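Down below is the structure, laid out as structure tokens.
What follows is the structure in structure tokens.
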């Protein structure tokens, strides 16, 4: 009998400790990333995730510079290999 | 068995508190708010399980479940309910659980009160420190000192409480002391949180003040109640024996007093920052040291708890806590740098500094005296205890210097004071002192110690009362108020300062009692038969009758005396000497007639079968003022603590105090 009560107490404790972690992780996901942490595959103005072949952002119209089709990394334009993933680039330009 | 659930609750409390401490620190370092929230829940769960364990222990005590060893050892069938409840803290395991409960509840108050934006950086570390202290105490309860340990069988009756502990003082003295010790965890946690979060110390020191004051108040009440209990119950006519356990409660009180004063100067002038932090850390350490002394049995004491391994847990914790926190403070000492240096040695802040040094010096003397037996055992293989003479010779002069400072310090000005200003403010108290000493000499009080003691008391009382008068007079002139309103308003407007001054007046009253009973104590011993009458020390004592009674837990031998004064006042006094079955010992119950001028204290020292009794009569002048002084100290502290005055006026210049 005491074992069952103790297990219930322990279960309650573990639930209380884990609940904020679980809830906190879920709450953190939908938050839009601020501009400072934009990755190369996103529009610099509105943050929309871009398809590798989009030259203009379909949401706000911002022109998109050349990017690596494989990893989405932004390029200056004269690279022969992507400095991000090493993909061969000539064929795409 | 419900005791097992109590043990399980303690185990969960230990794990939750340990987890909470870890989660707070990691959450803050890695900026993971969800981890901090999880830590807060861990903290709440720890408190919940500690409260659960405490309620279970109380239930076991009240239901007199003697299969639980703690209940068997501290409760019996004949023990009244009030003492059954006080058995919660009468023994080692229970008192530690009680301490843990207090730390937990104080932590809960911190959890719910320190929520404003400015407290945010401190909060995780604050709660983490509290949780570490909780986890340590819970670990001690889970491993060496389990209050829920069971006996192999269930005895029909328990051993019961030590008869010396069956006294109202026992119901209140230990818990107040424990509350003081436990509350000092919070100022310590604030200092650690301040260091770790890198916040400027003035910001959080203001938050610490009321916690420190509350802890100090309970420690003071605990010590005074302990002295009163010794006076009423132990039957030797004294109140303080310089016993190691008594000393170990006085040491944190002295250092805590210094910390309060240092913090007062810090909040007013922005100096003594490191000093305040060090004193606050040391006060907490000395509270742990007190437990170490009491529980380890390293130093022999009349309080004699059994010698156990428990003390070493506290020793390790003490060393780690002190080395860690003082080390951190040293590493971050730049954050505690003062804005100014001392401008003049004739200034109020210098007065505070000297007072602090004296308090710490007094604490060091008592500390060395307390550990001296342990040191001699270490070096010479045998414990040599110091007698009261050592303490009276060394503590007395320091105490006197502190008392004199009470008189000088309030009239000193901040920044600097000229000798002429000082002389002008001290001339009236000095004349008053001369008058009092002259009166004492004429009326025959000629002992040098008494003249010094009463003279300095008069000087300080004069100086403090003039401070009240000066403040009230200023209001009467400027606001045209009547004297009483002016006095109440001036006190109400600056509660910290006047509360402090009232505490000092309370200490003066205690000094009256110490000097009066110490220097002018008279002792008479005589044998009387029932029906006889005797004149002793201005009292007429008639021995009316002798009563023998068999009670369930003791054989009672009482003598009924009719004591009268020349002015016609009469009092019936009943000193007793009882044989307690459970400890197989004689225990005296003294009878005291307390009057403002003196106490008449009767001990039944011996008794023969024909009813002739040996009485010891003690005449202790001014003893009552010691307890009144204690009450005045409590009132003054509450006045200084009371929050309303601060909320109403938040002007920065409003933080002056003594």
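Residue numbers (the working numbering), protein chains in the order written: chain A, 65 to 157; chain B, 2 to 659.
Just so it is clear, CB atoms sit at the ideal spot from N, CA and C, and this is done for glycine as well.
None of these values were measured; they are calculated from a predicted model.
Inset, instruction - Express the C-alpha separation of residue 76 (chain B) and residue 16 (chain B) in angstroms, rounding to a whole number. - result: 31 Å
Legend entry - Spatial distance of residue 328 (chain B) from residue 318 (chain B) (CA atoms): 15 Å
Inset, instruction - Just tell me which of B:604, B:212 and B:623 has its CA closest to the CA of residue 522 (chain B). - result: B:623
Legend entry - Cutoff 7 Å; reference residue 438 (chain B); Cβ partners in own chain excluding five residues on either side: 452 and 456
Inset, instruction - Confirm, please, whether the CB-CB distance from residue 351 (chain B) to residue 497 (chain B) is below 8 Å. - result: no
Legend entry - is_contact[residue 75 (chain A), chain B] using C-beta, thresh 8 Å: no
Inset, instruction - On a CA-only basis, which of B:588, B:555, B:540 and B:582 is nearest residue 574 (chain B)? Give me that one, please. - result: B:540
Inset, instruction - Keeping to the same chain, check which residues put their C-beta closer than 8 Å to that of residue 221 (chain B); ignore five residues upstream and five downstream. - result: 181, 254, 631, 634, 635 and 638
Inset, instruction - Establish whether the CB of residue 96 (chain A) and some CB of chain B are separated by less than 8 Å. - result: Because residue 96 (chain A) sits at a pLDDT of 42, beneath the cut-off of 50, its placement in the model cannot be relied upon, and the following sentence gives the value as read from the coordinates. No, residue 96 (chain A) does not count as interfacial toward chain B.
Legend entry - Three-pair Cβ contact test at 8 Å for the stretch 140-158 of chain B versus the stretch 223-231 of chain B: no
Inset, instruction - Out of B:564, B:59, B:117 and B:109, point me to the one whose CA is closest to residue 91 (chain B)'s CA. - result: B:59
Legend entry - Contact check, residue 65 (chain A) vs residue 9 (chain B), beta carbons under 8 Å: no
Inset, instruction - Return the CA-CA distance between residue 513 (chain B) and residue 446 (chain B), expressed in angstroms with no decimal places. - result: 13 Å
Inset, instruction - Mind reading off the beta-carbon distance from residue 55 (chain B) to residue 123 (chain B)? Whole number of angstroms is fine, and I expect it under 8 Å. - result: Not quite, the Cβ-Cβ distance comes to about 28 Å (not below 8 Å), so this is no contact.
Legend entry - CB contact below 8 Å: residue 69 (chain A) versus chain B: yes
Inset, instruction - Tell me, to the nearest whole angstrom, how far the beta carbon of residue 467 (chain B) is from that of residue 492 (chain B); I am working on the premise that it is less than 8 Å. - result: Not a contact, Cβ separation roughly 14 Å.
Legend entry - Short Cβ contact (8 Å threshold) for residue 136 (chain B) with residue 26 (chain B): no
Inset, instruction - Taking only beta-carbon positions, decide if residue 84 (chain A) is within less than 8 Å of chain B. - result: yes
Inset, instruction - Could you please tell me which residues of the stretch 127-160 of chain B, in chain order, have their CB closer than 7 Å to any CB of chain A? - result: none
Legend entry - Coil, strand or helix - residue 209 (chain B) by DSSP: helix
Inset, instruction - Pick helix, strand or coil for residue 534 (chain B), following the three-state DSSP scheme. - result: strand
Inset, instruction - Measure from the C-beta of residue 43 (chain B) to each C-beta in chain A and report whether the shortest distance is under 8 Å. - result: yes
Inset, instruction - Give the straight-line distance between the Cα atoms of residue 353 (chain B) and residue 100 (chain B), rounded to the nearest whole angstrom. - result: 32 Å
Legend entry - Spatial neighbours of residue 94 (chain A) in its chain, beta-carbon cut-off 7 Å, leaving aside the 5 residues before and after: Residue placement at residue 94 (chain A) cannot be trusted, given a pLDDT of 44 that sits under 50; the coordinates are not used to answer.
Inset, instruction - Determine the closest residue to residue 84 (chain A) out of B:12, B:43 and B:6, with distance taken between C-alpha atoms. - result: B:43
Legend entry - Limits of the unbroken alpha helix (DSSP H) element including residue 105 (chain B): 93-114
Inset, instruction - Measure from the alpha carbon of residue 628 (chain B) to the alpha carbon of each residue in B:595, B:620 and B:644, then state which is nearest. - result: B:595
Inset, instruction - Using a Cβ-Cβ cut-off of less than 9 Å, give me the residues of the stretch 17-35 of chain B that come near chain A, in sequence order. - result: 17, 20, 21, 24, 33, 34 and 35
Legend entry - CB contact check: residue 57 (chain B) to chain A, cutoff 8 Å: no
Legend entry - Straight-line gap, residue 151 (chain A) to residue 129 (chain A) (C-alpha atoms, nearest Å): 17 Å
Inset, instruction - Counting only the same chain and skipping the five closest in sequence on each side, list residues whose C-beta sits under 8 Å from that of residue 227 (chain B). - result: 170, 174, 178, 247 and 250
Legend entry - Min CB distance residue 66 (chain A) to chain B below 8 Å: yes
Inset, instruction - Assign residue 581 (chain B) to one of two classes, buried (16 or more other C-beta atoms within 10 Å of its C-beta) or exposed (fewer than that). - result: buried
Inset, instruction - Whole angstroms is fine: what's the gap from residue 405 (chain B)'s alpha carbon to residue 256 (chain B)'s? - result: 19 Å
Legend entry - Given residue 126 (chain A) as reference, the closest of A:149, A:112 and A:146 once Cα atoms are compared: A:112
Inset, instruction - Quick one: grab the DSSP three-state call for residue 125 (chain A). - result: coil
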